[in-house]
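**Q** Residues 487 to 652 (my numbering) make up the sequence shown, in order.
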Amino acid sequence: MANIIKVYQESLPELRFIGKRYTNEDRDASGSYGEKWGQWFQEGWFSPLLALTEGAQTEPDYIGLMRCVDDHFEYWIGIFSSKEHEAPEGYGMVDLPAGTAGIAWIKGRDDTGEIYRLHNECTAAIEEKGWTIAPNTWFFERYSHSRFTPDEEGEVILDYGMYLTE
């Protein structure tokens, strides 16, 4: 069973997210974007982006970036980069302001999908700290290479973040 094991604040610099955008129409039969992630690895779509992580002041981790505004959900797959980099052909980009993010570490199994079902629990854990989630904000799944590697019990840690009001 997946659990939140850590909640903290992280200061993020101005970032440019570079990746590909998806909507609810792109979800797979299970309601997720798992097939899209598989396609990214199969097609090698991360390869041209890895060099663009230099200067981003963040680790070169894979990112799932999402938000819902006016009942329109968007989900992006890609990386955080510095604002000096442009998106290669076939990719889009989103500029994100510097700010503070609330981060929850979710520990559990990736293969069962259990770590991807704790959005409400993560927002509650952030709010229990007395922090306010910014309205219409971006949320992100950060697949940190150092934490998203299965341990001896097959569990990983997924970083789930959201921008906070200043």
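Where a beta carbon is used, it is the ideal one built from N, C-alpha and C, also for glycine.
Opposite Ser497 in the DSSP bridges: which residues?
**A** Thr586
**Q** Where does Leu604 fall in DSSP's three states?
**A** coil
**Q** Considering Phe527, what are the terminal residues of the beta strand (DSSP E) in which it resides?
**A** No beta strand (DSSP E) contains Phe527, which is instead part of the alpha helix (DSSP H) from 520-529.
**Q** Please list the terminal residues of the continuous beta strand (DSSP E) segment that includes Leu551.
**A** 548-555
**Q** Could you check how far apart the C-beta atoms of Ile504 and Ser567 are, in whole angstroms? I think they sit under 8 Å.
**A** Going by Cβ atoms, the distance from Ile504 to Ser567 rounds to 5 Å, so yes, they are a contact pair.
**Q** Excluding the 5 residues preceding and the 5 following Cys608 in the sequence, name in chain order all residues of the same chain whose CB lies nearer than 6 Å to its CB.
**A** Ala590, Tyr646
**Q** Is the beta carbon of Ser567 within less than 7 Å of some heavy atom of the ligand NAD?
**A** With respect to the ligand NAD, the structure shown offers nothing to examine, as it has no ligands at all.
**Q** What separation, rounded to the nearest whole angstrom, lies between the Cα atoms of Asn489 and Trp531?
**A** 31 Å
**Q** Could you compute how far the alpha carbon of Gly576 sits from the alpha carbon of Gln528?
**A** 16 Å
**Q** Can you tell me which of Gly524, Glu572, Tyr508 puts its alpha carbon nearest to the alpha carbon of Leu551?
**A** Tyr508
**Q** With DSSP as the reference, label Glu638 as helix, strand or coil.
**A** coil
**Q** In angstroms with no decimal places, state the Cα-to-Cα distance between Glu641 and Pro546.
**A** 21 Å
**Q** Between Pro499 and Ala620, which are expected to be in contact by the criterion C-beta below 8 Å, what is the C-beta distance as a whole number of angstroms?
**A** Rounded, the Cβ-Cβ distance is 17 Å, inconsistent with contact.
**Q** Asn510 by DSSP, collapsed to three states: which one?
**A** helix
**Q** Tyr649: which of Lys522, Met487, Leu501, Arg633 sits nearest, CA to CA?
**A** Leu501
**Q** Strictly by DSSP, which residues pair up with Asp581?
**A** Asp581 is bridged to Arg502.
**Q** DSSP three-state call for Glu570: helix, strand or coil?
**A** Coil at Glu570, not helix or strand.
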